[in-house]
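Notes follow the structure.
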Amino acid sequence: MNFDFTEEQKLLQQTARDYLQEHCGLDVCRGVLESGGAYSEALWKGVAEMGWLGAAVPEELGGAGFGRLELALIAQELGRALAPIPFSSSVYLATEALLVFGSDAQQKTHLPRLAAGERIGTFALAEGPGRGALDKPTTRLSGGVLSGTKFPVADATAAGLAVVVAQGDVGPVLALVELDGPGVTATAVGSVDPSRPLGRLVFDGAPAEPLAKGEGLAAVRHLLDRAAVLAAFEQVGGAERALELTREFTLGRYAFGRPVASFQAIKHRLADLYAAIQLATSNAYYGAWALSTDNAELSTAACGARISASEAFDLAGKEIIQMYGGVGYTWEYDCHLFYRRAKSLSLALGSPGEWRDRLVARLEA
Amino acid sequence: MDFDDTPEEAAYREEARAWLDANAERLPPGKKRVGAFERDDLLPQAKAWQAKKADANWACITWPVEYGGRGGSALQSVIFGQEESKHDVPPYMFGIGQGMLGPTIMAHGTDAQKKRYLRPLLRADEVWCQLFSEPAAGSDLAGLRTTAVKDGDEWIVNGQKIWTTGAHYSDFGMVVTRTDPTAPKHAGITYFIVDMKAPGIEIRPITQINGSKDFNEVFFNDVRIPDENRVGAVNDGWRGAITTLMNERASIGSGQGLGFGIQQLLDLARQTEWDGRPAIEDPSVRARIADFYWKLKGLEYTGYRALTSLSRGTTPGPENSIGKMVGAPLRQEMAAFAIELQGMAGATLDADVTWGRGSAQQSWLASPGLRLAGGTDEILHNIVAERVLGLPGEIRVDKDKAFSDIPTGRAR
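Now the structure itself:
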């Protein structure tokens, strides 16, 4: 039984934590949120120099040649720091899609630049409110051109490359499209979490090609499963940080002559939040094991990781505001950064409700 | 990251399996080892199996060799248990004595006590019970009122214990008593070994809400206990009691494997019709099943994290303390949902007509007990908050008062 990360992997995680403590205090997230900028360019550069963008990319393609376990721990640390960079779009989704489904030529063309951070990638699935763009997208890829509208798309205006879920000639397909080419219009759309910006992508005959091995619904789902595990670590990291801050605050805040943290109304809820985070962590670990070993369990493991991590971070985001009390509801305090990020991450990749349905479908199979 | 044994673990598993295969039949696939609940009738078989294990040095694997154990690690004990559960052997009915009371005697008992009691306890020649809770002392165990008064070389014990598992078939018990009511409550407690066949002990079964009789009330009427049976110093019994309770938390676990499981719930949801379609097609049903699944799996995988710590020779982290706190209410919710799935027929409890022979209903009736036994939900929340998160302890208004001055009921 070895259901844990190695000492080397934990060392890498500590390095990531130290780096982010120095370069990504919560003021960095707030800076992006308040400026209306797309992301922190300084942090993006730094993260690229640390080699994290290409953590899972082979060295010959410009990456660091680690595996998904290392990437998962980096994700957890980025989550703790509420890092305002397009990491999830570019790494868990665009880079991962190319690694898993790209041809040699596609990988050679795109992965070195993605790994170096010279180009930002993203993933376009949704087509407005509701669900259904997974099975039956209206965006079409035909004759080498892409047409349709994707909305919302994370990091749409910052990205130069997108992996788009489109209807191909025989079914859903993962299409690769350059966003600075002809026939593409990217516009920003307001977000509940402006530190993780959203946009709209309109394709009007944009040149595009399918990812070589990315045809069919199964491919799209597999990509989402992989990203879900990595995102779960980011969510767990955010939830852990929120719990730590809430603990510190309620220990220091006195009411009725006692620390607020001494009341059972607070203690028991923090115990519940701790439990939610542990359940999410354990599910995320299991997902990481399945992802790193290409095990068939990934399809259920990803659902468990996705739902539990969304639940844990969402709970943490609500509790941090409630337990800080009035100040938690002010713009000035950082509580809302967690509240926003938790919701934003739980809706990316499809809402938890969709994942619940998918989990039961897989248990039925 | 993997779920494989290390080479040493694999060798140990092989050794355990070889002995088990030579001494017991393998269970057919899908069949589970019989549980101890409500199976007092199997006590002779359970004792015989324990003696067989003891004679081959497979009993109480974590006990030190000097007391008849194997001197093995916690993980080795888990490995043996995993292999044993694949065999058709009698239920294990000695966890309280071997998991909690034996280690207490090792830590606080006299040499004579260790010599006299540990070997028969390990072999289950003698069965033990734990006499802790009282009608007015449950979560607040140190509020116990059973008294022991010194009389020459003996103590005379009077009072009532409750929720005593196996009292009716036990040979010995360990009882905590009040010996100095003028001292603060934790400072006036003394711990004894008591012969359960002694005159003045009366045992009455408790009928639970599900009709089972897993526990007893035990009345002490002028029961005489020799002073040589005292465990630890006079008025210092709380220390020994804490040792016992620490071992209890380690052995009660999450209640996993008990009650209505996720596979049964899936079967039920497939086989039950809602408006002409299987209930599992209903989105509200799917959402609930999904949530039960990740919570149960989260507990299971958290257990793997603890096993990994054991495998590495380190102490499991605090994450395992959520097991019973999450698992017990979850069992109740699952059973209640399974009943609701059955519609109006969910209110029936009749093995001949109720789905699954009424297993969901039985689990629902048993589940409130899981939330109370071995630390209530509320106490477990306090434990996680205080010991794991380091939040302040409860304000104790009775801590420094003489026990006899502590209010015991509403003032009139």
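Protein sequences appear in the order of chains A and B.
Oh and the first sequence: position 115 is 115 in this note's numbering, straight run, nothing missing.
Oh and the second sequence: position 119 is 1119 in this note's numbering, straight run, nothing missing.
All C-beta atoms, glycine included, are put in the ideal place defined by N, C-alpha and C.
What does residue i touch in chain A if you count any residue whose Cβ is under 7 Å from its own?
i, result
"T1308 (chain B)", "M1, N2, F3, D4"
"L1266 (chain B)", "L363"
Quick one: what's got a C-beta closer than 7 Å to residue i's C-beta in the same chain, skipping five residues either side?
i, result
"Q1050 (chain B)", "A1059, F1094, R1123, A1124"
"E70 (chain A)", "Q9, L12, A55"
"V1388 (chain B)", "P1318, S1321"
"D1040 (chain B)", "Y1169"
"F965 (chain B)", "Chain B is shown from 1001 up to 1412; residue 965 (chain B) falls before or after that span and cannot be answered."
"A302 (chain A)", "D225, A228, V229, G287"
"L1043 (chain B)", "M1093, Y1169"
"D1005 (chain B)", "R1013"
Residues in its own chain within less than 6 Å of residue i by CB, not counting five upstream and five downstream?
i, result
"I1252 (chain B)", "Because I1252 (chain B) carries a pLDDT of 43, less than 50, the predicted location of this residue cannot be relied on, and the following value inherits that uncertainty. Within the same chain, I1252 (chain B) has close Cβ partners G1374."
"P1316 (chain B)", "A1306, S1309"
"L270 (chain A)", "none"
"T250 (chain A)", "V260, A261, I266, M323"
"D193 (chain A)", "R340, R341, S344"
"L125 (chain A)", "A133, V165"
"P1103 (chain B)", "N1247"
"G65 (chain A)", "P58, E59"
Tell me the DSSP secondary structure of residue i in three-state form.
i, result
"S346 (chain A)", "helix"
"I1252 (chain B)", "For I1252 (chain B), the predicted structure reports a pLDDT of 43, less than 50, and the residue's modelled location is therefore unreliable. A value from the coordinates is still provided. I1252 (chain B) falls in the helix class under three-state DSSP."
"Y324 (chain A)", "helix"
"T187 (chain A)", "strand"
"I1193 (chain B)", "strand"
"F1220 (chain B)", "strand"
"I1280 (chain B)", "helix"
"Q107 (chain A)", "helix"
"Q1271 (chain B)", "helix"
"P1181 (chain B)", "coil"
"L161 (chain A)", "strand"
"Y254 (chain A)", "strand"
"P58 (chain A)", "coil"
"M1100 (chain B)", "helix"
"G1369 (chain B)", "helix"
"P1007 (chain B)", "helix"
"I1242 (chain B)", "helix"
List the residues of chain A whose Cβ lies closer than 8 Å to the Cβ of residue i, in chain order.
i, result
"T1376 (chain B)", "Simply none; closest approach about 12 Å."
"A1290 (chain B)", "C303, I307, W355, R356, D357, L359, V360"
"E1319 (chain B)", "Q278, T281, S282"
"S1311 (chain B)", "M1, N2"
Closest to residue i by C-alpha separation, out of the options, would be which residue?
i, options, result
"P1283 (chain B)", "A:A81, A:A342, A:R356", "A:R356"
"F263 (chain A)", "B:A1022, B:E1386, B:K1086", "B:E1386"
"A1183 (chain B)", "B:G1143, B:P1226, B:Q1208", "B:G1143"
"A1167 (chain B)", "B:F1220, B:D1140, B:L1118", "B:F1220"
"S191 (chain A)", "A:R253, A:A38, A:D4", "A:A38"
"L1365 (chain B)", "B:A1048, B:A1036, B:T1207, B:G1102", "B:T1207"
"R1204 (chain B)", "B:K1161, B:H1108, B:A1054", "B:K1161"
"W52 (chain A)", "A:L61, A:V91, A:A156", "A:V91"
"L176 (chain A)", "A:A186, A:G183, A:V164", "A:V164"
"T139 (chain A)", "A:P172, A:A64, A:Q76, A:L114", "A:P172"
"G366 (chain A)", "A:E311, A:N295, A:G317", "Chain A is shown only over 1 to 365; residue 366 (chain A) falls outside these bounds and no answer can be derived."
"Y274 (chain A)", "A:A255, A:G238, A:A162", "A:G238"
"D1055 (chain B)", "B:P1029, B:R1119, B:T1147, B:I1193", "B:R1119"
"A1048 (chain B)", "B:V1127, B:R1357, B:R1239, B:G1390", "B:V1127"
"D1021 (chain B)", "B:H1087, B:V1353, B:P1064, B:D1002", "B:H1087"
"Q76 (chain A)", "A:F233, A:T187, A:L359", "A:F233"
"M128 (chain A)", "A:T122, A:C29, A:P137", "Residue identity differs from the one stated: residue 128 (chain A) is Gly in this sequence, not Met. Closest by alpha carbon: A:P137."
Which residues in chain A have a C-beta closer than 9 Å to the C-beta of residue i? List them in chain order.
i, result
"D1002 (chain B)", "M1, N2, F3, W289, T293"
"A1059 (chain B)", "Going along chain A, no residue has its Cβ under 9 Å from A1059 (chain B), so there is no contact; the nearest lies around 23 Å."
"V1388 (chain B)", "A271, Y274"
"L1391 (chain B)", "R247, T250, L251, P259, A261, S262, I266, K267, L270, A271"
"M1325 (chain B)", "A271, D272, A275"
"V1384 (chain B)", "K267, H268, L270, A271, D272, Y274, A275"
Ordered along the chain, which non-local residues of its own chain (more than five positions away) have a Cβ less than 8 Å from that of residue i?
i, result
"Q1256 (chain B)", "Bear in mind that the predicted position of Q1256 (chain B) carries a pLDDT of just 47, short of 50, making it unreliable; the figure below should be weighed with that in mind. Around Q1256 (chain B): L1296, L1299, E1300, G1303, G1323, G1327."
"P152 (chain A)", "A126, V189, S191, L198, G199, R200"
Run down chain B in chain order and give the residues with a C-beta less than 8 Å from the C-beta of residue i.
i, result
"Y329 (chain A)", "What Y329 (chain A) touches in chain B: nothing, since even the nearest Cβ is about 23 Å away."
List the residues of chain B that residue i touches, going by C-beta distances under 9 Å, in chain order.
i, result
"L61 (chain A)", "Within chain B, no residue comes near L61 (chain A); the closest Cβ sits about 24 Å away, beyond 9 Å."
Ranges of the alpha helix (DSSP H) found wholly within the stretch 1108-1147 of chain B, counting only runs of at least 4 | 1111-1123
Under 9 Å (Cβ pairs) to chain E, residues found in the stretch 1293-1304 of chain B | Checking the listed chains, one finds no chain E in this structure; the protein chains it contains are A and B.
Please list the segments of the beta strand (DSSP E) lying wholly inside the stretch 260-330 of chain A, counting only runs of 3 or more residues, in order along the chain.
-> none
Secondary structure, beta strand (DSSP E): runs of 3+ residues fully inside the stretch 1374-1408 of chain B = none
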